[in-house]
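Structure first, commentary second.
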Amino acid sequence: MIPALLPTYARNELTFEKGEGAYLFATNGRKYLDFASGIAVTALGHAHPHLVAALTQQAQKLWHCSNLFQIAGQQRLGERLVEATFADSVFFANSGAEAMELTLKIARKYQHEAGHPERYRVIACSGSFHGRTLATLAAAGNEKYLKGFEPTVEGFDHVAFGNLNEMRAAVTKQTAAILVEPVQGEGGVRPPPKGYLKGLREIADEFGLLLLFDEVQCGMGRTGKLFAHEWEGVTPDVMAIAKGLGGGFPVGACLATEKAAACMTAGSHGSTFGGNPLAMAVGNAVLDVMLEKDFLPHVDRVARLLKAELDKLVAKYPKVFAEARGAGLLLGLRCVATNNEIMDALRQEGLLTVSAGDNVLRLLPPLILTEAQVAEAIGIIDRVAGNWKA
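At position 298 of the sequence shown the residue is numbered 298 (our numbering), and the sequence of numbers has no breaks.
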């Protein structure tokens, strides 16, 4: 008999009843250091007092009124994101996948309005992950996730991540846009080669394409800047964000330049719940914290410490770990042993992590991580690796 919950997850037996900062507390009485963060979602940790206050206050006033009316918090959050980024306009959704759907729609609509309806194809990268809708699965092109959902949505071509020559060679008269994650997450925590994002911008400009970034996982402070592409001084035309934007409350957004967004007129897109007052209250509270002058420098500093300590463990346990890689607090340990087995062992010792492609163990701690918590996590990984029997 099928269970009440559709069995699409191989769920662990743990149930959490409380969270506080970087820790989760399970119904079995155990405390866990959370280096999963709901897969890069709880960027400010659990039960952050500023977020709790913002949500509580808004919940007592108004939950929903629909986008048929003005929503004050939405206007404010949109203006703040525009001020802090490359974007001129923002659309709010409920998830990263929804934000990606609009990103892809803008690419097609932009070319159509420019007089090139034949330009509808998007060049994406192998190893990427863009969501679980039919279109975003096709954008990633991962056969594992596409199996059983054929025919695959048409209009996507794939090249190797980090290879500018392949990207340039893949451009045709039907190409509308280039889509990449500035740092791949699900595909194995892979940062791009230096100059790659700049090269993509140059290719897009040369051929009249839109450059689309998916910063759903790597954005919102995770790399030590508000968005990962800022490290290379390159800007996209359209960008999808989510996860950390709500700090645990469901919210996504599509950010775009005026050039790209001008084609999206009344009736061209919509969302029943996107940008609702509750989500906007939390999103504004998240920005309150992340835009404080000392916040991102702290993320960068503690991330460098964690990466240095992981490098030491790789050198110490070459039969367990092959490499430490990533950017900021989106880090991965490429394993020699099976990543899921190591993940299970770490959980037994009180550290929560997430698996990824390429036999990588993902480390996604909250951005409020302290040096003491870095030491705590490293101690657990050291203990597990030291007792590992290859």
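Beta carbons are placed, not taken as given, at the ideal position from N, Cα and C, and that holds for glycine.
From a predicted model like this one, the values you see are computed outputs, not experimental measurements.
query	result
Secondary structure, alpha helix (DSSP H): runs of 4+ residues fully inside the stretch 227-315	258-261, 277-290
Residue 376, DSSP secondary structure in three states	helix
Other residues of its chain near residue 340: CB distance less than 6 Å, five sequence neighbours each side excluded	355
Touch test, the stretch 51-68 against the stretch 273-291, Cβ-Cβ under 8 Å, three pairs minimum	yes
Supposed contact pair residue 32 and residue 351 - C-beta distance, whole angstroms, cut 8 Å	7 Å
Cβ shell of residue 357 (< 7 Å), same chain only, five flanking positions each side left out	127, 186, 187, 188
Cross-strand partners of residue 178 (DSSP beta bridge)	123, 211
Host beta strand (DSSP E) of residue 362 (start-end)	360-363
Range covered by the beta strand (DSSP E) that runs through residue 90	89-93
Status (buried if at least 16 other CB within 10 Å, exposed otherwise) for residue 276	buried
Continuous beta strand (DSSP E) stretch holding residue 158: start and end	156-159
Length-filtered (4 minimum) alpha helix (DSSP H) runs lying within the stretch 13-97	37-40, 49-59, 72-84
Extent of the continuous alpha helix (DSSP H) to which residue 341 belongs	339-348
Under the three-state DSSP convention, the category residue 219 falls into	coil
DSSP beta-bridge partners of residue 108	Its beta-bridge partners do not exist; DSSP assigns none.
Whole-angstrom C-beta distance between residue 252 and residue 59, which should lie under 8 Å	Not a contact, Cβ separation roughly 20 Å.
Bounding residues of the alpha helix (DSSP H) (the contiguous stretch that carries residue 168)	164-170
Boundaries (first-last residue) of the alpha helix (DSSP H) holding residue 137	134-140
Beta-carbon gap between residue 162 and residue 120 smaller than 7 Å	no
Simplified DSSP state of residue 336, which is helix, strand or coil	coil
Distance, residue 322 Cα to residue 387 Cα	17 Å
Exposure label - residue 7; buried when at least 16 CB within 10 Å	exposed
Residue 136, buried or exposed, once every other Cβ within 10 Å from all chains shown has been counted against 16	buried
Separation of residue 85 from residue 165, as counted between CA atoms	29 Å
Residues near residue 45 in its chain [Cβ-Cβ closer than 7 Å; skip 5 each side]	21, 22, 366, 368
Neighbour-count burial assignment, residue 109, 16 or more Cβ in a 10 Å radius	buried
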